[in-house]
Every structure is written in C-alpha cells, then in structure tokens.
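Heads up: the sequence shown begins at 15 in our numbering, then just goes up one per residue.
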Amino acid sequence: MKPSYHLRRWQKGDERSLVRYANNYQIWRNVRDAFPHPYTSDDAFHWIHLCTSEKIPTVFAIEVDGEAVGCVGIVLQKDIFCKNAEIGYWLGEPFWGKGIITEAVLEVTDYAFRTFNLQRLYAGVMAHNPASMKVLEKAGYHLEAILKKSIYKENTFIDEHLYVRFREG
Numbered sequence: 015m016k017p018s019y020h021l022r023r024w025q026k027g028d029e030r031s032l033v034r035y036a037n038n039y040q041i042w043r044n045v046r047d048a049f050p051h052p053y054t055s056d057d058a059f060h061w062i063h064l065c066t067s068e069k070i071p072t073v074f075a076i077e078v079d080g081e082a083v084g085c086v087g088i089v090l091q092k093d094i095f096c097k098n099a100e101i102g103y104w105l106g107e108p109f110w111g112k113g114i115i116t117e118a119v120l121e122v123t124d125y126a127f128r129t130f131n132l133q134r135l136y137a138g139v140m141a142h143n144p145a146s147m148k149v150l151e152k153a154g155y156h157l158e159a160i161l162k163k164s165i166y167k168e169n170t171f172i173d174e175h176l177y178v179r180f181r182e183g
C-alpha cells in the first residue's frame, strides 16, 4: 500500500528530518553538487531559511506521516529563457518505488503551469538513473535530447537525458 503524502512549504522544525533523509549518498549521486554531502544541520537550516523567504513558493517539502521526507520544486529561468522552468526533486530512500515522487512531480508541474506564465518545464537526468526517467515519463514528460558527457560528477563524465513537458493548449 502506497503511503499518503502531501506537499507543503518547508518550515522551521523540518531540519532534523531533512538531514535524516537528505544525508544519503544514493540521493547525492543523482543530483547536482550544490546539494551537499554529507548533508548537515547547517545545510538544512540554510535551505529552510531560503525556502521560507520565498513570496510565491517554488519549492515544496514532501510530507509523509508528519515528516518532511523529500523535496520537489522548480527554478524559474530568466532573460530569453523566461518561459521555462527546471523541475527538480529527490525523495528519501525508504520511500522509493511507492509512486510518491511521480504524483508530487505531477502536482508541482500542474502548479507551475497554473501559477507562472511558463511554456516549458524540463528536467535533466543522469544516464545512470533510469528510475528518475520513469518518474518523468509517468508525469507526462518526454525525452527531448541526450547531451553526451555534459555532466561531470565524481571524476566521471555522464550523459544527461533532458526531459520536457509543454503547457497544454
């Protein structure tokens, strides 16, 4: 049975659960290096401060049983890319394979198109992460391009699979 979840803004008091779930090599190896590893209490404090200062939220905690166990959000682009946003997400390892992240990505995708004047949402996925590719495909994204050796992580070049979803209508 899939645990129920809901999206909400990050809030003070989420630091402990954020560190508990974010401090995981299996998550870090699939995200940008700006996501710290190890993930410390200071990192959590700064992240929550950043998120709580947003006037219009773009980043949400994924809550299961009263605990923040992951994150999904968008990064609005600027200048000639102003009708685009990048979507990103991660989920605590105990919750993988339960359909939670797919539903959360769908929910934030709908929110982004409803709230912001966007034409296109996109996500880059490392070639070694087919589970994330499947999440995006189930959420209505399609593979637009494979950028060969565009990512450099852990002293290795990795292909980036670029997924996109356009505003309907």
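Backbone N, C-alpha and C fix where the C-beta goes; we use that ideal spot for every residue, glycine too.
Pair within 7 Å by beta-carbon distance, residue i and residue j
i, j, result
"residue 176", "residue 158", "yes"
"residue 64", "residue 84", "no"
"residue 53", "residue 36", "yes"
"residue 107", "residue 38", "yes"
"residue 101", "residue 88", "yes"
Where the alpha helix (DSSP H) containing residue i begins and where it ends
i, result
"residue 168", "Segment: none, residue 168 is in no alpha helix (DSSP H) and carries neither H nor E."
"residue 34", "29-36"
Segment limits, beta strand (DSSP E) that includes residue i
i, result
"residue 119", "Here residue 119 belongs to no beta strand (DSSP E); instead the alpha helix (DSSP H) covers 114-129."
"residue 136", "134-140"
Buried versus exposed, by CB contacts within 10 Å (16 or more), residue i
i, result
"residue 113", "exposed"
"residue 110", "exposed"
"residue 28", "buried"
"residue 171", "exposed"
"residue 118", "buried"
"residue 183", "exposed"
At what residue ranges does the stretch 55-97 contain a whole run of the beta strand (DSSP E), taking only runs of 3 or more? 73-78 and 81-90
State whether the stretch 16-35 contacts the stretch 93-101, with contact taken as three or more CB pairs (one from each stretch) at a distance under 8 Å. no
State whether the stretch 134-153 contacts the stretch 166-182, with contact taken as three or more CB pairs (one from each stretch) at a distance under 8 Å. yes
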